[in-house]
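Numbering (my numbering), first residue to last: 1 to 112.
Glycine included, every Cβ here is placed at the ideal spot set by N, Cα and C.
Please read these numbers as outputs of a predicted model, since none were measured by experiment.
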C-alpha cells in the first residue's frame, strides 16, 4: 500500500495521464488508477481533484447520457493540461532517477 502522503504530490499527474489516454468520468478514473496499483484512492478524493483541474483549465468536461443511469460528466485533457502533464512526466523522471541513485548508494557524479 502506498502511503497517502507519498501519493499526494503525484495524484494530479496520474489523473491527468489517465484522462490524456481517453475521455472518461470520475468513477472510471478511480477504477483505472486501481488497475495500476493505486488502490486506496476514493471517489471522495478524485472528485475534488477533478474540480480543481477543471477550474485550472487543465481538463474540460461534457455531460453525456449514461446507459446505466443519470448523465455522466466526461473529462478530456486540454492543451494546457497536456503541457502540465509533460512537465509532470519530466519532473517524475528526474525525481525517480534521483531517488533510485540514493537507494543504490550512488550519486550523479558517479554516473558521468
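For residue j and residue i, the rounded distance between their alpha carbons
i: residue 98; j: residue 106; result: 9 Å
i: residue 72; j: residue 101; result: 44 Å
i: residue 53; j: residue 69; result: 25 Å
i: residue 40; j: residue 47; result: 14 Å
i: residue 95; j: residue 36; result: 20 Å
i: residue 6; j: residue 93; result: 16 Å
i: residue 44; j: residue 104; result: 37 Å
i: residue 49; j: residue 67; result: 25 Å
i: residue 55; j: residue 4; result: 24 Å
i: residue 65; j: residue 8; result: 32 Å
i: residue 27; j: residue 60; result: 16 Å
Integer-rounded CB distance, given that residue j should sit under 8 Å from residue i
i: residue 29; j: residue 18; result: 5 Å
i: residue 51; j: residue 84; result: Not quite, the Cβ-Cβ distance comes to about 16 Å (not below 8 Å), so this is no contact.
i: residue 81; j: residue 38; result: Wrong, their Cβ atoms sit about 19 Å apart, outside the cutoff.
Residue i: first and last residue of the uninterrupted alpha helix (DSSP H) it sits in
i: residue 46; result: 43–55
i: residue 79; result: 79–104
i: residue 12; result: 11–21
i: residue 7; result: 4–8
Bounding residues of the beta strand (DSSP E) (the contiguous stretch that carries residue i)
i: residue 29; result: Premise fails: residue 29 lies in the alpha helix (DSSP H), 26–35, not in any beta strand (DSSP E).
DSSP bridge partner residues for residue i (one or two, in chain order)
i: residue 61; result: 75
Taking three-plus beta-carbon pairs below 8 Å as touching, is the region 16–23 in contact with the region 64–79? yes
Any chance the region 83–97 sits against the region 2–20, with 3 or more Cβ pairs inside 8 Å? yes
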